[in-house]
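Going by our numbering, the sequence shown opens with residue 3, and the numbers climb by one from there. A virtual CB, placed ideally from N, CA and C, is assigned to each residue, including glycine. Following: one structure in structure tokens, then a few remarks.
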Amino acid sequence: KRTLLPLRRAEAPAVVFPGRLGVQPLELQSMVVELLNCIPPLLLLLLAWGLDRVLFMVLGAVRQHSFVQYSFRSSHHLELRVAGTSLLARLLRSTVGALNTSSHLHVDSSNLGRRWRGARGAAAGAAARCSAPLPARAACLPQPRAMTTQGYVDSCLPLALLALLCLVQVYTYRLRRVLAAFFFPKREKRRVLFLYNQLLRQRQCFVQLQRRRVARRAQQRQGLGTSVLERCCRRWPALRRYMRRRCVVCEEPEGPRSRVCAAPACAAVYCGPCW
3 KRTLLPLRRA EAPAVVFPGR LGVQPLELQS MVVELLNCIP PLLLLLLAWG LDRVLFMVLG
63 AVRQHSFVQY SFRSSHHLEL RVAGTSLLAR LLRSTVGALN TSSHLHVDSS NLGRRWRGAR
123 GAAAGAAARC SAPLPARAAC LPQPRAMTTQ GYVDSCLPLA LLALLCLVQV YTYRLRRVLA
183 AFFFPKREKR RVLFLYNQLL RQRQCFVQLQ RRRVARRAQQ RQGLGTSVLE RCCRRWPALR
243 RYMRRRCVVC EEPEGPRSRV CAAPACAAVY CGPCW
């Protein structure tokens, strides 16, 4: 009766074992493809970080080198004098005297705001009303703020979760067979039978292919002649334990279960399953 287990070394990468915690070669291909799909969002995130940093530096340079300030000073003095002691002179002096004004104005203006100071006399009330600085929203210079560390972490968190899901997705794919077997047991039996027959056919083709491969290697070895090391090993068999030989079929290192061909001119090494 032909059996499949244990699988040979060349057959194991083509089968997924659900009980193993590590990522297997067949699953590694899909995982790498999923991780490669995360590269465009990563590049977009790096581009956004770069643009944010460039804008911060540009606006900082604008704020540092684009400050403009103006200073304006003026002095105003108006005085009307009415001479005489008559009734009309006293009446004009009392009426026109209210027009006498005196003011000194100093205005410091910039694109950050405006400040009035030094107003005296009749225009002091109007100047006092204008002496308040402009509100912060009226400032012309930009107020750039660098992105904080928390902002970088928050922007990286979704991409990190996406990469983590790509890694966990390998284990969730293993549950598909379990769910299918639970809801469709008859179809699961057909799938297992199909896999069994397919592996048997592959093993039969594999054995025939490896036989031709070993025969071809033997012919090449005979054509090239026997090396000095092999001659020494044939003369002194104890030297073979210091040689690192491998199976001629699957190239597995020589172990306790390895077999050596009994033909004197061959001395090829085979592992237990290949023998």
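Secondary structure at residue i, three-state DSSP: helix, strand or coil?
i: PHE185; result: helix
i: PHE69; result: coil
i: THR5; result: coil
i: ARG261; result: strand
i: THR228; result: Note on THR228: pLDDT 47, under 50, position unreliable in the model; the coordinate value appears next. Reduced to three states, the DSSP call for THR228 is coil.
i: PRO20; result: coil
i: SER96; result: helix
i: THR103; result: strand
i: VAL170; result: helix
i: VAL60; result: helix
i: LEU80; result: strand
If I measure Cβ to Cβ from residue i and keep anything under 6 Å in the same chain, skipping five residues before and after, which residues do I get?
i: ALA124; result: Annotation note: pLDDT 42 at ALA124 (below 50); position unreliable, no value reported.
i: ARG10; result: PRO275
i: ARG259; result: GLY274
i: SER76; result: LEU107
Report, in whole angstroms, the separation of the C-beta atoms of residue i and residue j, which I expect to be a contact under 8 Å.
i: GLN171; j: GLU254; result: Not confirmed; about 32 Å, so no contact.
i: LEU161; j: LEU47; result: 6 Å
i: ALA16; j: LEU7; result: 14 Å between Cβ atoms; not a contact.
i: ALA12; j: CYS234; result: In fact, because the Cβ distance is near 31 Å, the residues do not count as touching under 8 Å.
i: VAL70; j: SER112; result: 6 Å
Counting only the same chain and skipping the five closest in sequence on each side, list residues whose C-beta sits under 8 Å from that of residue i.
i: PRO144; result: LEU61, VAL64 and ARG65
i: VAL18; result: GLN26, LEU28, GLU29 and ARG176
i: MET33; result: VAL25, CYS168, LEU169, GLN171 and VAL172
i: GLU190; result: ARG179, ALA182 and ALA183
What residues in its chain sit with their C-beta under 7 Å from that of residue i, if we drop five residues either side in the sequence?
i: GLU81; result: ASN102
i: LEU44; result: LEU161
i: ARG131; result: Its pLDDT being 43, under 50, ARG131 is placed unreliably in this model, and the coordinates cannot settle the point.
Using CA coordinates, which residue listed in the options is at the minimum distance from residue i?
i: ALA100; options: ARG83, SER88 and SER111; result: ARG83
i: SER105; options: ARG218, HIS78 and ARG95; result: HIS78
i: ALA85; options: VAL98, SER157, SER73 and TRP51; result: VAL98
Worksheet item: Would you call the stretch 140 to 156 and the stretch 49 to 68 touching, i.e. three or more CB-CB distances under 8 Å?
Response: Counting Cβ pairs under 8 Å, three or more are found: they touch.
Worksheet item: For the 8 Å Cβ check, are there 3 or more pairs between the stretch 31 to 49 and the stretch 164 to 183?
Response: At 8 Å Cβ cutoff, the stretches touch.
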